[in-house]
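Below you'll find the structure, written out as structure tokens, and then a few comments.
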Amino acid sequence: MLDFHSHFLPKMDDGSKSTEMSMEMLRSSREQGVTTMISTSHFYGSDEPPERFLRRRQHAFEKLQPLLTDRHPEIYLGAEILYYPGISHSDSIPQLIIQATDLLLIEMPFVTWSDRIFDELISLQYNYDLHIVLAHVERYQSIQKRDMFARLFDQPFYFQCNAEAFTSWRSRKLALKMIDNDLLHFIGTDCHNTEKRPPNMDEARKVIEKKYSPSEWKRLTREFEDRFDRHKVEI
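Note that the numbering used here has the sequence shown beginning at 6, numbered continuously upward.
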């Protein structure tokens, strides 16, 4: 099983605060059946250049490496990039693709999205020959115009929901509708710690199995894994 969105690297952002917490998050994820985990630490273009972020990320990962065994998920390094105007012309942004893939995880701004934002995301995807994944799309429905999600799903992007989307009454309807319409491309836990925002893939599994069936959960997770594999590139 693939967890596409997580913040377990120690002291990278508002996620894990220690190596010990990171290892506990990885252990808990593996117990819930997660075999591949993508680290998507927050990247804010206004705070630091990608080169500095990548150095910090490597340093954080090296703290975990000696402790990792085959009892932990396989790890890929990436970033959760907050959208900013001009991102489509930033030649350094492709450095932040998810390791060994052509996938780029974008966090959208919590404002009403304009045509210009859509156009810039499409330009970003085509300018650098990569594939954009929009993070936790369920979070934005309350601040967008009524027709915005219809327009959003018309765009050439991938969409990721958090596991929590399936347990919250605010977002469950949208998350399940995305499954029904084959619009959900990845699930992530967006885990940040072991207490308030722990790994919670089991929560999504229980809701989906109850709504559909255990076989549908297996089909979905296999589909997510296969899609991830299709976007791996030579490095």
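Note that beta-carbon positions come from the ideal geometry of N, C-alpha and C, so glycine has one too.
Only a predicted model underlies this, so the values are computations on that prediction, with no experimental measurement involved.
If I measure Cβ to Cβ from Ile80 and keep anything under 6 Å in the same chain, skipping five residues before and after, which residues do I get? Around Ile80: Met42.
With DSSP collapsed to three states, give me the class of Ala155. Secondary structure at Ala155: helix, using DSSP grouped into helix, strand and coil.
Comparing alpha-carbon positions, which option in Tyr133, Asp120, Asn132 lies nearest Lys150? Here the closest residue by C-alpha is Asp120.
Kindly list the residues whose CB is nearer than 8 Å to the CB of Asp19, restricted to its own chain and excluding five residues on each side of it in sequence; keep chain order. Within the same chain, Asp19 has close Cβ partners His12, His47, His197.
Short of 8 Å in beta carbon distance, which residues of its chain neighbour Phe116, apart from the five on each side in sequence? Order them along the chain. Checking the sequence shown, residue 116 turns out to be Val, not Phe. For Val116, where only same-chain residues beyond five positions count, the Cβ hits under 8 Å are Ile148.
Could you give the residue range of the beta strand (DSSP E) that holds Asn167? DSSP places Asn167 in the uninterrupted beta strand (DSSP E) bounded by 163-167.
Counting along the chain, where does the alpha helix (DSSP H) carrying Asp207 start and finish? Looking at the DSSP string, the run of the alpha helix (DSSP H) that includes Asp207 is 206-216.
Here's a check: name, in chain order, each residue in its chain whose Cβ is nearer than 7 Å to the Cβ of Ser93, leaving out the five neighbours to either side. The residues are Glu125, Ser128, Leu129, Asn132.
Can you look up His236 in the DSSP assignment and give me helix, strand or coil? In the structure shown, His236 falls within a coil segment according to DSSP collapsed to helix, strand and coil.
N-terminal and C-terminal residue of the beta strand (DSSP E) that Ile80 is part of: That run of the beta strand (DSSP E) goes 79-87.
Got a sec? Which residues, its chain only, sit under 6 Å from Gly50 by beta carbon, not counting five neighbours each side? The residues Tyr89, in chain order, have a CB closer than 6 Å to that of Gly50 in the same chain once the five nearest residues on each side in sequence are set aside.
Does any residue of chain B have a CB that is nearer than 8 Å to the CB of Phe13? Note that chain B does not occur in the displayed structure, where there is just one protein chain.
Please say whether His77 and Leu31 have beta carbons closer to each other than 8 Å? Yes, Cβ-Cβ distance for Leu31 and His77 is below 8 Å.
Taking Ala180 and Glu208 to be in contact with their CB atoms under 8 Å, please state how far apart those CB atoms are, rounded to whole angstroms. Between Ala180 and Glu208, the beta carbon gap of about 12 Å keeps them out of contact (Cβ cut-off 8 Å).
What residue from Glu200, Asp159, His141 has the CA that sits closest to Ser173's CA? Nearest of Glu200, Asp159, His141 to Ser173, Cα basis: His141.
What residue from Gly193, Arg175, Pro204, Ile137 has the CA that sits closest to His236's CA? Of Gly193, Arg175, Pro204, Ile137, the residue nearest in Cα terms is Ile137.
Considering only residues of the same chain and omitting the five flanking positions on each side of Arg35, which have a CB-CB separation below 8 Å? For Arg35, where only same-chain residues beyond five positions count, the Cβ hits under 8 Å are Arg76, His77, Pro78.
Return the chain-ordered list of same chain residues with a C-beta closer than 8 Å to the C-beta of Gln160, the five sequence neighbours on each side being excluded. Excluding positions up to five away in sequence, the list reads Phe123, Leu126, Ile127.
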